[in-house]
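Q: Numbering (my numbering), first residue to last: 992 to 1924.
Pasting a structure below so you can have a look.
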């Protein structure tokens, strides 16, 4: 691909290539100047410029770039093109590699861009180059027409903007208002949550219209010309093009005033409309031209009749014309976005064709061609049969049934409700949500139909937005006159959503109400879900034996019903998380891996990602840091995910911060601390708690324990009903961490509170030695007492919590080192070996310092590391050696019992660390290091 292309655009306020002054945008330009002032002071950020087609977004961006250059700011300008969306990263690369002062290392970036399989390294290199450039002065990165950007450009933009947020880089992006692809909408939501400022461009005021008219025509307009100019309705591009088309033939200047030479002119083609038509497919262009000939608003059925096709066959063409901003929805009809656009399209048609189409349209009834209801029913039946074993195929069949079902058909809402979960399960969540939202917005739904659609949307939202799941379930359950089964399942889903949100008291109340409703309906599926909620309630009360009993009963109920793990994801995840949190980590890992295997075999993309996210938490606690990070990267949210990704917040984002702190990766830690700041203001209490704990850990890591405790104060004093089960902590093993943090900050009362909670938890659950270990560890730190610390070490021995055990060993050694240094050494050495095996580089360095202070000069054993491969973790090395033997990623994944995504993540990191770019080069390196070849 070429990355040297520079898109040449005609700005909306240009005529014949001559730019007219910018009118009516004083406030917008002042805002831009303020942001450039802030950039000069080292403050970066994101500014989103939004407005409909022709409103002047590109002109604002051009003015901003010019103003930045006048200040001496380095500027990179890129723009997407609807004809070149197939070029991954093209718009962004165009900006940074073209122009007067491209980024350094342009040749390497071009090589990476042109080489298949190098996108990961291209992203890393691009971030490094921008970071390097920003050290030499502020940067302005301009990206126009975000709505046409490919998915990789969207992901790279959001990732770089977040990762470089602390640098003096201002990202100025423009996007068309209205309907945009789901991936673009998700990106816009994410940058808004990250604090992006918005600049919305509206239509021009009358004074600005008059000034532009004078600029274009060369003289003040008379009333007739001004009335004509007002037909553009304040849209600069349409105004300039309309006036430009009339200037030579229809306007005369007499006595210093511009007037019409022969009355109102006939409609004529406009350049921007011609360009948009040319960019359409043949089918969409014919549809738009036919609609223009008919005039006014038009039904899809009428267009289908005129074009000799079925209404279903026009779906793609209609969507394309809407996306091009030529047509818009007007109730159940289509209308042109602007009357000047319709006239311009019509002007491009031969007169005989226009007349024939108009006459034909006048003789046709406005009804819709009948859909094949029998075929739609057959497709729905087949989709239902395939849903459990082949969801991808089932989703396509369900979509086809939806196409064949008319908008006014009574069964259409049911088809929508059936299609939503199939799309979500196969990785098309944004489309699923859009389908449901469109059906709800259209109105006219009966209570039962609306309830089923809201139930489907609540299920979908669980992965992305806990609060949205609650809103949808609550709204559905409140509908009058719905069936007991629908109400019971909605209430059960509401209880699940409240529980996942961290609203424990409310979840318990709703579950009690839902239980009666489900029992009355004889709905065992709702009963299985509600049993999971009961388990979560017991967990919150620290009755873990009862929590396990209910969780096992819930799983048994689901099995008896034949409910697949992949169809019952939030409930099934709970058992794995419960087992992990209570120290039954091996069991939790087995459950998660079975979930990943089953859902992978079935092709349930969404469920696989949710299981991967869950496994990241388990791998973290077992000390498999590299594997945890690899799973987190493999399960990272996609660009078109709807919502903030709450499940990702409480799994992979939390894990990535913890891994970064253990390994000493400050850059990654800072990036996820920024995510934590967003999480702290989320609607869901549990997400806020996670965000708060993450920020406390970061502050403590930076040597600011006072700040850490200030972060935690609000959580630890929140109402008991909704406080996390561990007094604001994420995991029982965090109790010693909190005690250590509180003591450093001089907050003895908070440390004592954490110890009391840990000991209460251990007393209530005497059969779980892991809880006794965390309580003894916390008590030893609070009292500065060796005995409980040694007891904690002993209790941890039979628990696979590697990092918790290493921490207890280190603390016991630290206590011994104060008076009996020789006795401390074995504790430190064992802790060091555990940390080294986990890949916890920062912890390794700290314990080595303790050993040196204890008089140990020899280099201790670092089990799990290879002298020949100091760059790689043990997990990465296992993958590298298998790949060097010729195994594919899939084969390596099967050999190691990992997912292909995780293997790919390990391999990407190994390539980067070893500075190799191909499997052949990697194989040669393995032979050299391992075999001496």
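Cβ coordinates follow ideal geometry from the N, Cα and C atoms, glycine included.
Throw me the rounded Cβ distance for the residue 1838 and residue 1819 pair, which I believe falls under 8 Å.
A: Here the question's residue 1838 lines up with position 847 in the chain shown. Here the question's residue 1819 lines up with position 828 in the chain shown. Yes, residue 1838 and residue 1819 are in contact; Cβ-Cβ is about 6 Å, under 8 Å.
Q: Less than 8 Å between the CB atoms is what I'm expecting for residue 1752 and residue 1723, so what's the real figure, rounded?
A: The residue given as residue 1752 occupies position 761 in the chain shown. The residue given as residue 1723 occupies position 732 in the chain shown. Correct: roughly 7 Å between the Cβ atoms.
Q: For the segment 1025-1059, list the beta strand (DSSP E) runs that are entirely contained and at least 3 residues long, ordered along the chain.
A: Taking only runs of at least 3 residues, the beta strand (DSSP E) segments lying wholly in the segment 1025-1059 are 1036-1042.
Q: If residue 1517 and residue 1479 are in contact, beta carbons under 8 Å, what's the gap, nearest whole angstrom?
A: Mapped onto the chain shown, residue 1517 falls at position 526. Mapped onto the chain shown, residue 1479 falls at position 488. Contact holds; Cβ gap of about 4 Å.
Q: Can you tell me whether residue 1622 is buried or exposed, with buried defined as 16 or more other CB within 10 angstroms of its CB?
A: As a position in the chain shown, residue 1622 is number 631, starting the count at 1. Classification for residue 1622: buried.
Q: Terminal residues of the continuous beta strand (DSSP E) containing residue 1321?
A: The count along the chain shown starts at 1 and reaches residue 1321 at position 330. Counting along the chain, the beta strand (DSSP E) containing residue 1321 begins and ends at 1318-1321.
Q: How would you call residue 1307, buried or exposed, if buried means at least 16 neighbouring beta carbons within 10 angstroms?
A: Locating residue 1307 in the chain shown gives position 316, where the first residue counts as 1. Classification for residue 1307: exposed.
Q: Taking C-alpha atoms, which residue in 1187, 1220 and 1214 lies nearest to residue 1203?
A: The residue labelled residue 1203 in the question sits at position 212 within the chain shown. Checked all of 1187, 1220 and 1214; the closest Cα to residue 1203 is 1220.
Q: What number of angstroms, rounded off, separates the C-alpha of residue 1657 from the C-alpha of residue 1651?
A: The sequence position of residue 1657 within the chain shown is 666, counting from 1. The sequence position of residue 1651 within the chain shown is 660, counting from 1. Distance between the alpha carbons of residue 1657 and residue 1651 is about 7 Å.
Q: Report all residues from its chain with a CB closer than 7 Å to the CB of residue 1149; omit the five preceding and five following residues, and keep chain order.
A: Position 158 of the chain shown, counted from the first residue, corresponds to residue 1149. Closer than 7 Å at the Cβ level, and outside the excluded window around residue 1149, lie 1178, 1181 and 1182.
Q: Pull up the distance between the alpha-carbon of residue 1925 and that of residue 1330, whole angstroms please.
A: Outside the shown range of the chain (992 to 1924) lies residue 1925, about which nothing can therefore be said.
Q: By a C-beta neighbour count over all protein chains shown, 10 Å radius and 16 as the cutoff for buried, is residue 1912 buried or exposed?
A: In the chain shown, residue 1912 corresponds to position 921, counting from 1. The residue is exposed, with fewer than 16 neighbouring Cβ atoms inside 10 Å.
Q: Does the segment 1681-1688 come within contact of the segment 1866-1880, defined as at least 3 CB pairs closer than 8 Å?
A: Too few Cβ pairs lie closer than 8 Å, so no.
Q: Run through the DSSP bridge pairs and tell me what residue 1721 is partnered with.
A: What you label residue 1721 is simply residue 730 of the chain shown in a count that begins at 1. Residue 1721 pairs with nothing; no bridge assigned.
Q: Would you please state the rounded distance, in angstroms, between the beta carbons of residue 1448 and residue 1427? I believe it to be under 8 Å.
A: Looking up residue 1448 in the chain shown gives position 457. Looking up residue 1427 in the chain shown gives position 436. Going by Cβ atoms, the distance from residue 1448 to residue 1427 rounds to 5 Å, so yes, they are a contact pair.
Q: On the three-state DSSP scale, how would you describe residue 1359?
A: For the purposes of this step, residue 1359 is identified with residue 368 of the chain shown, where counting begins at 1. Reliability fails at residue 1359, whose pLDDT of 35 lies under 50, so the model's placement of it is uncertain and the value that follows must be treated cautiously. Three-state DSSP puts residue 1359 in coil, outside helix and strand.
Q: Could you check what DSSP says for residue 1520 in three-state terms: helix, strand or coil?
A: On the chain shown, position 529 is the one that residue 1520 refers to. Here residue 1520 sits in helix by DSSP.
Q: Let me confirm a value: residue 1919 is counted as buried when at least 16 other C-beta atoms fall within 10 Å, else exposed. Which label applies?
A: Within the chain shown, numbered from 1, the residue matching residue 1919 stands at position 928. The residue is exposed, with fewer than 16 neighbouring Cβ atoms inside 10 Å.
Q: May I ask which residues mark the beginning and end of the alpha helix (DSSP H) holding residue 1332?
A: In the chain shown, counting from the first residue as 1, residue 1332 sits at position 341. Taken as a continuous stretch (DSSP letters only), the alpha helix (DSSP H) holding residue 1332 covers 1330-1338.
Q: Taking buried to mean at least 16 other C-beta atoms within 10 Å of its own C-beta, is residue 1127 buried or exposed?
A: Position 136 of the chain shown, counted from the first residue, corresponds to residue 1127. Residue 1127 should be labelled exposed.
Q: Whether or not the segment 1226-1243 and the segment 1198-1214 are in contact is what I'm after, with contact meaning three or more pairs of Cβ atoms, one per stretch, closer than 8 Å; do they touch?
A: The segment 1198-1214, when compared against the segment 1226-1243, does touch it at the 8 Å Cβ threshold.
Q: Give the DSSP-derived three-state secondary structure of residue 1176 in the structure shown.
A: Residue 1176 sits at position 185 when you count from the first residue of the chain shown. In this structure, residue 1176 counts as helix in the three-state DSSP scheme.
Q: Measuring straight from C-alpha to C-alpha, what distance separates residue 1503 and residue 1481?
A: On the chain shown, position 512 is the one that residue 1503 refers to. On the chain shown, position 490 is the one that residue 1481 refers to. Taking the straight line joining both Cα atoms gives about 13 Å.
Q: Name the DSSP beta bridge partners of residue 1067, please?
A: In the chain shown, residue 1067 corresponds to position 76, counting from 1. Looking at the DSSP assignment, residue 1067 forms a beta bridge with 1132.
Q: Does the distance from the C-beta atom of residue 1185 to that of residue 1662 stay below 8 Å?
A: Position 194 of the chain shown, counted from the start, is the residue given in the question as residue 1185. Position 671 of the chain shown, counted from the start, is the residue given in the question as residue 1662. No, they are not a contact pair.
Q: Give the straight-line distance between the Cα atoms of residue 1249 and residue 1217, rounded to the nearest whole angstrom.
A: Locating residue 1249 in the chain shown gives position 258, where the first residue counts as 1. Locating residue 1217 in the chain shown gives position 226, where the first residue counts as 1. Going by the C-alpha atoms only, they are around 9 Å apart.
Q: Within 10 angstroms of its Cβ, does residue 1344 collect 16 or more other Cβ (buried), or is it exposed?
A: Here residue 1344 is taken as the residue at index 353 of the chain shown, counted from 1. With fewer than 16 other Cβ atoms within 10 Å, it is exposed.
Q: Pick helix, strand or coil for residue 1148, following the three-state DSSP scheme.
A: As a working note, residue 1148 is residue 157 in the chain shown. Correct three-state label for residue 1148: helix.
Q: With distances taken from CA atoms, which of 1578, 1592, 1728 and 1593 is nearest residue 1609?
A: Counting from 1 along the chain shown, the entry for residue 1609 is found at position 618. Nearest option by C-alpha distance: 1578.
Q: Could you check where the alpha helix (DSSP H) with residue 1925 kicks off and where it finishes?
A: The question about residue 1925 has no answer here: the residues shown for the chain are numbered 992 through 1924.
Q: Which residue marks the beginning of the beta strand (DSSP E) containing residue 1165, and which one marks its end?
A: The count along the chain shown starts at 1 and reaches residue 1165 at position 174. Segment 1160-1167, the beta strand (DSSP E) holding residue 1165.
Q: Work out the CA separation of residue 1389 and residue 1404 for me, nearest whole Å.
A: If you number the chain shown from 1, residue 1404 lands on position 413. If you number the chain shown from 1, residue 1389 lands on position 398. Between residue 1404 and residue 1389, the C-alpha separation is close to 12 Å.
Q: Please report the distance separating the alpha-carbon of residue 1098 from that of residue 1901.
A: Against the chain shown, residue 1098 aligns to sequence position 107. Against the chain shown, residue 1901 aligns to sequence position 910. If you take the alpha carbons of residue 1098 and residue 1901, they lie about 23 Å apart.
Q: Assuming residue 1103 and residue 1144 make a contact with CB atoms under 8 Å, what is their CB distance in whole Å?
A: Here residue 1103 refers to the residue found at position 112 when the chain shown is read from its first residue. Here residue 1144 refers to the residue found at position 153 when the chain shown is read from its first residue. No, residue 1103 and residue 1144 are not in contact; Cβ-Cβ is about 15 Å, not under 8 Å.
Q: In whole angstroms, what separates the C-alpha of residue 1366 from that of residue 1443?
A: Looking up residue 1366 in the chain shown gives position 375. Looking up residue 1443 in the chain shown gives position 452. Roughly 23 Å between the two C-alpha positions.
Q: Suppose you measure from the CA of residue 1874 to the CA of residue 1914; what does that come to, to the nearest Å?
A: Within the chain shown, numbered from 1, the residue matching residue 1874 stands at position 883. Within the chain shown, numbered from 1, the residue matching residue 1914 stands at position 923. The straight-line gap from Cα to Cα measures roughly 8 Å.
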